[in-house]
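**Q**
Chains as they are written, first to last, in the numbering used here: chain D, 768 to 1075; chain B, 332 to 497.
1. Hey, does residue 336/B have any beta-carbon neighbour from chain D nearer than 8 Å?
2. CB-CB under 8 Å to residue 886/D, same chain, minus the five flanking residues each way: which ones, in chain order?
3. Determine which residues share a DSSP beta bridge with residue 1038/D and list them.
4. Interface residues of chain D around residue 360/B at Cβ under 9 Å?
5. Does any C-beta atom of chain B lie closer than 8 Å to the C-beta of residue 974/D?
6. Nearest by alpha-carbon distance to residue 924/D: which of 1003/D, 849/D, 967/D, 861/D is it?
7. Cβ closer than 8 Å: which chain B residues qualify as neighbours of residue 803/D?
8. Quick check on residue 488/B: buried or exposed, where buried means 16 or more other Cβ atoms within 10 Å of its Cβ?
9. Identify every residue that forms a DSSP beta bridge with residue 987/D.
10. Taking all protein chains shown into account, decide if residue 934/D is buried (16 or more other Cβ within 10 angstroms of its Cβ) or exposed.
11. Give me the DSSP bridge partner(s) of residue 465/B.
12. List, in order along the chain, the chain D residues whose C-beta lies closer than 8 Å to that of residue 455/B?
13. Mind pulling the chain D residues with CB within less than 8 Å of residue 502/B?
14. Quick check: what's the CA-CA separation for residue 390/B versus residue 890/D?
15. At 7 Å on the CB atoms, spell out the chain B contacts of residue 914/D, in chain order.
16. Could you work out which residues of chain D lie near residue 346/B, taking near to mean beta carbons separated by less than 8 Å?
17. Name the chain D residues that come within less than 7 Å of residue 382/B, Cβ to Cβ?
18. Name the residue from 426/B, 362/B, 396/B whose alpha carbon lies nearest to the alpha carbon of residue 481/B.
19. Using the C-alpha atoms, what's the distance from residue 852/D back to residue 844/D?
20. What's the gap between the Cα of residue 483/B and the Cα of residue 371/B?
21. Please confirm whether residue 902/D and residue 397/B have their CB atoms less than 8 Å apart.
22. Helix, strand or coil: how does DSSP classify residue 342/B here?
23. Using a Cβ cut-off of 8 Å, pull out every chain D residue sitting near residue 405/B, in sequence order please.
24. Measuring CB atoms only, is the region 369-388 of chain B touching the region 402-412 of chain B, in the sense that at least three cross pairs come out at less than 8 Å?
25. Give the straight-line distance between the Cα atoms of residue 781/D and residue 787/D, rounded to the nearest whole angstrom.
26. Residue 365/B lies in the beta strand (DSSP E); which residues open and close that run?
27. Per DSSP, what kind of secondary structure is residue 478/B in: helix, strand or coil?
28. Can you tell me whether residue 419/B is buried or exposed? The criterion is at least 16 other CB atoms within 10 Å of its CB, across all chains shown.
29. My understanding is that residue 966/D touches residue 460/B, with C-beta atoms under 8 Å, so please give their C-beta distance in whole angstroms.
30. Closer than 8 Å by C-beta to residue 434/B: which residues in its own chain qualify, once you throw out the five before and the five after it? Chain order, please.
31. Which residues in the same chain have their Cβ closer than 6 Å to the Cβ of residue 1050/D, if we skip the five residues on either side of it in sequence?
32. Is the beta carbon of residue 951/D less than 8 Å from the beta carbon of residue 989/D?
33. Consider the Cβ of residue 342/B: report whether some Cβ of chain D lies at a distance smaller than 8 Å.
34. Tell me whether the region 444-451 of chain B and the region 336-355 of chain B touch, counting them as touching only if at least three CB pairs, one residue from each stretch, are closer than 8 Å.
35. I want to verify the contact list: residues of chain B whose CB lies under 8 Å from the CB of residue 810/D, in sequence order.
36. Are at least three pairs of beta-carbons, each pair with one atom in the region 345-358 of chain B and one in the region 857-870 of chain D, less than 8 Å apart?
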């Protein structure tokens, strides 16, 4: 009597292991582009409304809880931010002039202008559901023209890039994700490297800065102009927090604190920028309206730019 | 009827995991709800039932993760199967046993996830932080386990037949 039950138990175990290993192998080799990817996108589309609903309920509760627990810290932070706003207002005019000069020079040199790229505003509706990745889910997807590899920014700087989009949402890999890598350079004494994220760390690590590079704590780090990078150049990434020479003088390991606070993200902008091609400007659509009034015919042609 | 209830439990588990528990983090970590439910089923209905439920719960969760599809499915299924097999040799289970099972299954499932993840080239499972994550998640699982075991037991209870057929 016990033998068939033992055999059944073994059969179930072997079946589960083999199926899992097959799926892992297929997914690792082909990614989520085939039928498995389609099933995943359907799952996202189905769950999106639930995620939006729970987010709408959970976020105010979370904010209330944070406000209750951190009221002292929030008051202090509020005072600090007011002082910072006053200081930044003074710098705004100088920055505007610098941007205008920069744009003029870029036009003169025939370089892509980031300002000409459309952006799509999206709300963060969810965070990564797992423990070994750093991603967010936004509430706009394919229906707004959001595609894989589009860069995502916030007012403070780079957030990450789109890794998957479906109808009603998209998944964004944050800079701090272990699989994320972004080409960066320092502003003060230009040195170029690749900044990578790591598991459960808020910092980025650059481990390929040249040993002779002049990098100091507090240096600004921005995205580098590298061909086919998903990120346009000159976007704020963060500031250098520590510099450590590698063994045998091979190079410098530099830690960067991202400019964006990923835990406080509510809204982000998706840049319609295609790697290697530059900004995507939506094609203009032309509408012709003919109005006939007694004695005269008026034709109005309106050219509008719409997001497909 | 039992199968329908099990399928409903599966859908609810995946939805709770991806839409609710990612707002209820402890030190940035989420619990393995699918794993605890699979272990609870293995505890009550045997290792095969636990393994099958764990496989589908993990697979459902995998669709929302960036780690390879099937990784959570394998970790959940193997852990539930192991717990179900070991439980067969235990005659009486004291009350403190449920949180311990929750924590232990978190450790075992987490280590399987890390081990197979390393072989599959998953970046996120490298380094000591991955083990810290497993530890914190296991403690979170231990806190949830008594409630999950009770809920699963009540939801799937059937006075006539205690064996789930898949």
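Cβ coordinates follow ideal geometry from the N, Cα and C atoms, glycine included.
**A** Answer, in terms of the structure:
1. The sequence position of residue 336/B within the second chain is 5, counting from 1. Using a CB distance cut-off of 8 Å, residue 336/B does not count as an interface residue toward chain D.
2. As a first step, residue 886/D is located in the first chain; it is residue number 119 there, counting from the start. Taken in chain order, the residues that qualify are 920, 1036, 1037, 1038, 1039.
3. On the first chain, residue 1038/D is found 271 positions in, with the first residue counted as 1. Paired residue(s): 886/D.
4. For the purposes of this step, residue 360/B is taken as residue 29 along the second chain, with counting starting at 1. The contacting residues are 898, 967.
5. Position 207 of the first chain, counted from the first residue, corresponds to residue 974/D. Closer than 8 Å: no.
6. Taking the first residue of the first chain as position 1, residue 924/D is located at position 157. Answer by Cα proximity: 1003/D.
7. Reading the first chain from its first residue, position 36 is the one you call residue 803/D. Ordered by position in chain B, the residues that pass the 8 Å Cβ test against residue 803/D are 400.
8. For this step, residue 488/B is matched to residue 157 along the second chain. Residue 488/B comes out exposed.
9. For the purposes of this step, residue 987/D is taken as the residue at position 220 of the first chain. Residue 987/D pairs with 1006/D.
10. Indexing the first chain from 1 puts residue 934/D at position 167. The residue is exposed, with fewer than 16 neighbouring Cβ atoms inside 10 Å.
11. Counting from one through the second chain, the residue named residue 465/B turns up at place 134. None; residue 465/B has no bridge partner.
12. The sequence position of residue 455/B within the second chain is 124, counting from 1. What residue 455/B touches in chain D: 899, 900, 944, 945, 946, 966.
13. Nothing can be reported for residue 502/B: it is not among the residues displayed for chain B, which extend from 332 to 497.
14. Mapped onto the second chain, residue 390/B falls at position 59. Mapped onto the first chain, residue 890/D falls at position 123. Distance between the alpha carbons of residue 390/B and residue 890/D: 28 Å.
15. For the purposes of this step, residue 914/D is identified with residue 147 of the first chain, where counting begins at 1. Neighbourhood of residue 914/D in chain B, by CB distance below 7 Å: empty, with the nearest CB roughly 17 Å away.
16. Within the second chain, residue 346/B is the residue found at index 15, counting from 1. 814, 817, listed in chain order.
17. To locate residue 382/B, count along the second chain from 1; it is residue 51. By Cβ distance, chain D contributes 779, 780, 783.
18. Against the second chain, residue 481/B aligns to sequence position 150. Comparing Cα positions, the closest option is 426/B.
19. As a first step, residue 844/D is located in the first chain; it is residue number 77 there, counting from the start. As a first step, residue 852/D is located in the first chain; it is residue number 85 there, counting from the start. In a straight line, the C-alpha of residue 844/D is about 12 Å away from that of residue 852/D.
20. Residue mapping note: residue 483/B aligns to position 152 of the second chain, counting from 1. Residue mapping note: residue 371/B aligns to position 40 of the second chain, counting from 1. Rounded to the nearest angstrom, the two C-alpha atoms are 7 Å apart.
21. Numbered from 1 along the first chain, position 135 holds the residue referred to as residue 902/D. Numbered from 1 along the second chain, position 66 holds the residue referred to as residue 397/B. It is a contact, given that the beta carbons lie within the stated cut-off.
22. Locating residue 342/B in the second chain gives position 11, where the first residue counts as 1. Helix.
23. Within the second chain, residue 405/B is the residue found at index 74, counting from 1. At a C-beta separation below 8 Å, residue 405/B has these neighbours in chain D: 783, 784, 787, 788, 791.
24. yes
25. Reading the first chain from its first residue, position 14 is the one you call residue 781/D. Reading the first chain from its first residue, position 20 is the one you call residue 787/D. Rounded to whole angstroms, residue 781/D to residue 787/D spans 10 Å at the Cα level.
26. Within the second chain, the letter at position 34 stands for residue 365/B. Here residue 365/B belongs to no beta strand (DSSP E); instead the alpha helix (DSSP H) covers 364-376.
27. The residue labelled residue 478/B in the question sits at position 147 within the second chain. Here residue 478/B sits in helix by DSSP.
28. One-based indexing of the second chain puts residue 419/B at position 88. Exposed is the call here.
29. Sequence index remark: in the first chain, residue 966/D carries index 199 (1-based). Sequence index remark: in the second chain, residue 460/B carries index 129 (1-based). The pair is a contact, with the Cβ atoms about 5 Å apart (cut-off 8 Å).
30. By one-based count along the second chain, residue 434/B stands at place 103. Same-chain partners within the cutoff: 469, 470, 472, 473, 476.
31. Stepping through the first chain from its first residue, residue 1050/D is reached at position 283. Model confidence at residue 1050/D stands at a pLDDT of 47, short of 50, so the residue's coordinates are unreliable; what they give is reported in the following sentence. None.
32. Position 184 of the first chain, counting from 1, holds the residue named residue 951/D. Position 222 of the first chain, counting from 1, holds the residue named residue 989/D. Closer than 8 Å, so yes.
33. Sequence index remark: in the second chain, residue 342/B carries index 11 (1-based). No, because no Cβ of chain D sits closer than 8 Å to the Cβ of residue 342/B.
34. no
35. Residue mapping note: residue 810/D aligns to position 43 of the first chain, counting from 1. Chain B residues near residue 810/D: 391, 394, 395.
36. no
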